[in-house]
Ligand SMILES: Cc1cc2nc3c(=O)[nH]c(=O)nc-3n(C[C@H](O)[C@H](O)[C@H](O)COP(=O)(O)O)c2cc1C
Ligand code: SF4
Ligand code: FES
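Protein chains in written order, with the numbering used here: chain D, 285 to 502; chain L, 19 to 443.
As structure tokens, this is what we get:
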């Protein structure tokens, strides 16, 4: 084996051991009896596993499915995925902790991601986030989070509500936004990205807030 | 001022359906390609001069040619992670014209001899992923994806794989680990994905826009496509423009038009009474340019020559109402949040940069701290496994160089204020 290949293999092994050492996440504390897995969840995970040459590739879709069922990647959810996929719960917990959309703590049913990255901030996103956070208060139904660029800076400042993109938003839109979620109406139907035409850039024109970036309290 | 190839029919009602797409000439390029040999298709791709649209600008045809020949398992992965702040062009393409991407993937897989392909799409784009899934099942039913495509003997499986929120999974090797069901940590390169990628097999990774351009190239011919753009930046580019402009959005332009034409002509420039203070030409990772640079041609080499980069083609405009420290903090915090933590310079460097910038903003920094940030940025660049560290160091470094006086003045002002506070307390 050439020196270079040797070095690569060593570097890779070293990386992996470092990674393993660094990954310290809560391991679900359930006992050794394999948990009951709801049949629909098992079926969905197995369907994903069948799509890939290596079944491990189904880890993210499987965790996402378990999260949809349990509300978050709870120890129980992780145990169930582990049972179906033949992976350890610790491994899956480590994977889950890497990704922003996999929740490792119990959260509200409705995700409200308010983008506070650069382009949205330049148009008042920090104030918008605070308005949403304050209006949602401690309503356990909402999972309000500041989020990194959601890829819709053309409708800045914007938010993703359970995956539906809406914008441009002002703090005045917030009561209606939350109300739409509570009552199960389509959120801000007139401000959904889905309806925007590419060839109509005027769709986004709007007045600017006076002091665009305002630091939000941590 | 715009030049529509990819966006030719973009607002056509029903374009997401196979029927309308075909009526607009869709999948004709696929037929044409399958009537050629894979080598001939590759010749067209190389002749087109198409450079990757995901950030690095590497020649697409050349990348395809790096894949080993012969009957081994090869993979094609489409990078639809699109998380570079300011970038939203791939979203538009996938949402409005999913079949363009699917057609591009099939043709590219034919040229590369890959039989399994994946679209790795960021988890936040659930709507676009759903649209792709529907389009894909239509394509499968029509025999465009699957075994023996249109009787050509070429077979391809294609799966839409949803990510779960991590910027680093846009980096091609982090993406591969994530697609294998792991944490999305970047890998040491070499080996490059073309030799050892997904499941250790040879893998072609390209951005959505790059692959979506392939049908156009096959349709018009590589040489014809190469007539568009400049000597070294061929073709058209989707530009996402956002921030302080009056008409943010996606515009398709011919590479090499003056940046001013995009920022002012198409996007309307900053609102009345405000001036461009600085602009990011290629996403928040690109070093900022100034108002003086607005007449530069917008293409790969002109941006590089000006000390920045075209990157993903995302222009973010900042006007003179915004303090530079706010911009720097936003950018630095993002990279701190997204650092995977594997390399010390990136993990510690992003963290310290944020801390020092916060000090400057709070009023307990000394002038030396500006020096420290600058040297920290220098020490990150080129010393990490992937370029995420550089992606913070380059823009922050450029802000320190170009707005040094403003940083100093801000530092003095906040310091005076906090001293005053201390005296009054
Ligand atoms: C931190 C980081 C993030 C990246 N994010 C993306 C991304 O979201 N989309 C993308 O296409 N390329 C991204 N890239 C570039 C990819 O690594 C890779 O170069 C690209 O997908 C190759 O495709 P192309 O040649 O068609 O541009 C990123 C690179 C880095 C270092
Ligand atoms: S440079 Fe940063 S993001 Fe990239 S591998 Fe190193 S620590 Fe991870
Ligand atoms: S910065 Fe908010 S969507 Fe891009």
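Virtual Cβ for every residue (Gly too), placed ideally from N, Cα, C. From a predicted model like this one, the values you see are computed outputs, not experimental measurements.
Taking 8 Å as the CB-CB limit, is residue i close to chain L?
i                      : result
residue 358 of chain D : no
residue 482 of chain D : yes
residue 306 of chain D : Any reading at residue 306 of chain D is ruled out, since the residue's pLDDT is 41, under 50, leaving its predicted position unreliable.
residue 474 of chain D : no
residue 435 of chain D : yes
residue 383 of chain D : yes
residue 453 of chain D : no
residue 390 of chain D : no
residue 432 of chain D : yes
residue 325 of chain D : no
Please check the pair residue i and residue j, which I expect to be a contact at CB under 8 Å, by giving their CB distance rounded to whole angstroms.
i                      : j                      : result
residue 4 of chain L   : residue 222 of chain L : Residue numbering for chain L in the displayed model covers 19 to 443; residue 4 of chain L lies beyond these limits and cannot be assessed.
residue 398 of chain L : residue 408 of chain L : 6 Å
residue 431 of chain D : residue 400 of chain D : 7 Å
residue 427 of chain D : residue 395 of chain D : 5 Å
residue 195 of chain L : residue 180 of chain L : Not confirmed; about 16 Å, so no contact.
residue 325 of chain L : residue 344 of chain D : That pair is no contact at about 38 Å.
residue 384 of chain L : residue 410 of chain L : Residue 384 of chain L to residue 410 of chain L, Cβ: 22 Å. No contact.
residue 234 of chain L : residue 23 of chain L  : 5 Å
residue 129 of chain L : residue 82 of chain L  : 5 Å
residue 264 of chain L : residue 289 of chain L : 6 Å
residue 397 of chain D : residue 429 of chain D : 6 Å
residue 347 of chain D : residue 365 of chain D : 6 Å
residue 258 of chain L : residue 104 of chain L : 6 Å
residue 176 of chain L : residue 120 of chain L : 7 Å
Grab the span of the beta strand (DSSP E) containing residue i for me, first residue to last.
i                      : result
residue 96 of chain L  : 93-98
residue 261 of chain L : 254-261
residue 217 of chain L : From DSSP, residue 217 of chain L is part of no beta strand (DSSP E); its letter is neither H nor E.
residue 265 of chain L : Looking at the DSSP string, residue 265 of chain L is not in any beta strand (DSSP E), and its letter there is neither H nor E.
residue 427 of chain D : 426-431
residue 136 of chain L : 134-139
residue 177 of chain L : 175-180
Spell out whether any CB of chain D is found under 8 Å from the CB atom of residue i.
i                      : result
residue 363 of chain L : no
residue 350 of chain L : no
residue 62 of chain L  : no
residue 266 of chain L : yes
residue 34 of chain L  : no
residue 338 of chain L : no
residue 345 of chain L : yes
residue 199 of chain L : yes
residue 145 of chain L : yes
residue 185 of chain L : yes
residue 142 of chain L : yes
residue 415 of chain L : no
residue 220 of chain L : no
residue 217 of chain L : yes
residue 29 of chain L  : yes
For residue i, which beta-bridge partners are listed by DSSP?
i                      : result
residue 18 of chain L  : An answer regarding residue 18 of chain L cannot be provided, because it is not within the stretch 19 to 443 covered by chain L.
residue 332 of chain L : L:258
residue 17 of chain L  : With chain L covering only 19 through 443, there is no way to say anything about residue 17 of chain L.
residue 443 of chain D : D:398, D:450
residue 113 of chain L : For residue 113 of chain L, which the question treats as bridged, DSSP gives no partner whatsoever.
residue 307 of chain L : L:297
residue 337 of chain L : L:294
residue 69 of chain L  : L:77
residue 223 of chain L : L:95
residue 315 of chain L : L:276
residue 44 of chain L  : Answer by DSSP bridge pairing: none, since residue 44 of chain L is not bridged.
residue 247 of chain L : L:252
Mind checking which residues open and close the alpha helix (DSSP H) that includes residue i?
i                      : result
residue 404 of chain D : 402-405
residue 56 of chain L  : 56-66
residue 84 of chain L  : 78-84
residue 464 of chain D : 458-467
residue 365 of chain L : 362-380
residue 416 of chain L : 406-420
residue 295 of chain L : Unbroken run through residue 295 of chain L is the beta strand (DSSP E), 294-298; no alpha helix (DSSP H).
residue 334 of chain D : Careful: residue 334 of chain D lies outside any alpha helix (DSSP H) and carries neither H nor E.
residue 319 of chain D : From DSSP, residue 319 of chain D is part of no alpha helix (DSSP H); its letter is neither H nor E.
residue 470 of chain D : Run containing residue 470 of chain D: none; DSSP gives neither H nor E here.
Any chance the CB of residue i is under 7 Å from a heavy atom of ligand 4?
i                     : result
residue 74 of chain L : As for ligand 4, it is missing from this structure, which binds only ligand 1, ligand 2 and ligand 3.
message: Using only Cβ atoms and a threshold of 6 Å, which residues come within that distance of a heavy atom of ligand 2? Order them by chain position.
response: Those residues are L:186, L:204, L:357, L:358, L:359, L:360, L:361, L:364, L:365, L:402, L:403, L:404, L:406, L:407, given in chain order.
field: Pocket of ligand 3 (residues with CB nearer than 5 Å to any heavy atom), chain order
entry: D:399, D:401, D:403, D:404, D:433, D:434, D:436, D:437
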